[in-house]
Amino acid sequence: MKKIISEKVIRIIKNKANLEKELDVKLNIIGKEITIIGEPEEEYIAEKVIEAIDFGFPISSALSIKKEEFLFEILNIKEYTNQKDFERVRGRIIGKDGKALKTISTLSNCHIELSGNKLGIIGEAECIRNAEEACKLLIKGTKHSNVYSYLEKHGHSEPLLDLGLKEAKSTGKNKKINKQ
Numbered sequence: 000m001k002k003i004i005s006e007k008v009i010r011i012i013k014n015k016a017n018l019e020k021e022l023d024v025k026l027n028i029i030g031k032e033i034t035i036i037g038e039p040e041e042e043y044i045a046e047k048v049i050e051a052i053d054f055g056f057p058i059s060s061a062l063s064i065k066k067e068e069f070l071f072e073i074l075n076i077k078e079y080t081n082q083k084d085f086e087r088v089r090g091r092i093i094g095k096d097g098k099a100l101k102t103i104s105t106l107s108n109c110h111i112e113l114s115g116n117k118l119g120i121i122g123e124a125e126c127i128r129n130a131e132e133a134c135k136l137l138i139k140g141t142k143h144s145n146v147y148s149y150l151e152k153h154g155h156s157e158p159l160l161d162l163g164l165k166e167a168k169s170t171g172k173n174k175k176i177n178k179q
């Protein structure tokens, strides 16, 4: 049994039945305190999902933490910048109309939310590392285009290990012509 204090308990209450079903736990909510009852592994996952929902992630994104390879990380922006540059740095990460944040999210294959002075990231470990590095580069002042190029180079949209199971594409150069 785990207890969590949630600031956005209303979102949890509205989705309680769905969360209990998806996470295979029982949720008891009293005030801002949420008690999670279930198997230890399910309790841990439910705790992370509720933390992500409390951070500001949509329910669907938070539930992706259920997948074994997905993690939830929080990056504190204030650790990488001083107080007077904070608003400028937040603006660089968000971009015009949220475009930069959305592009980083897409290129890194992660779900990213900005809440106050913290950046929440849900994704696979390697993808999270790339997203964090991209945000750190933006904080340091690197051009957005260079950050996107970094993500395109380091993102792994293709499988990391080639097992030789796919057939090689034929370009037509090595075809033999049978003349009869």
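Just so we're aligned, residue 0 is where the sequence shown starts under numbering that gives the first Met the number 0, counting upward by one. C-beta: ideal position from N, C-alpha, C; glycine also.
- Taken atom to atom, the span from the alpha-carbon of Arg128 to that of Ser148 is near 15 Å.
- Gly37 places its beta carbon less than 9 Å from that of Asp23.
- In the displayed model, Gly55 falls within coil according to three-state DSSP, outside both helix and strand.
- For Gly97, the three-state secondary structure derived from DSSP is helix.
- Contact between Cys134 and Cys109 does not hold, since the beta-carbon distance rounds to 10 Å and is not under 8 Å.
- Ile120 sits away from Ile92, with the two beta carbons spaced by 9 Å or more.
- In the structure shown, Thr80 falls within a coil segment according to DSSP collapsed to helix, strand and coil.
- Residue state for Asn145 is assigned as helix, using DSSP reduced to three classes.
- Here DSSP, grouped into helix, strand and coil, assigns Gly154 to coil.
- Taking a C-beta distance under 9 Å as the contact criterion, Lys2 and Glu32 qualify as a contact pair.
- The three-state secondary structure of Glu67, taken from DSSP, is coil.
- Non-local C-beta neighbours of Glu151 in its own chain, meaning closer than 7 Å and more than five positions away in sequence, comprise Leu106, ordered along the chain.
- Distance from the CA of Asn75 to the CA of Lys83, rounded to the nearest whole angstrom, comes to 16 Å.
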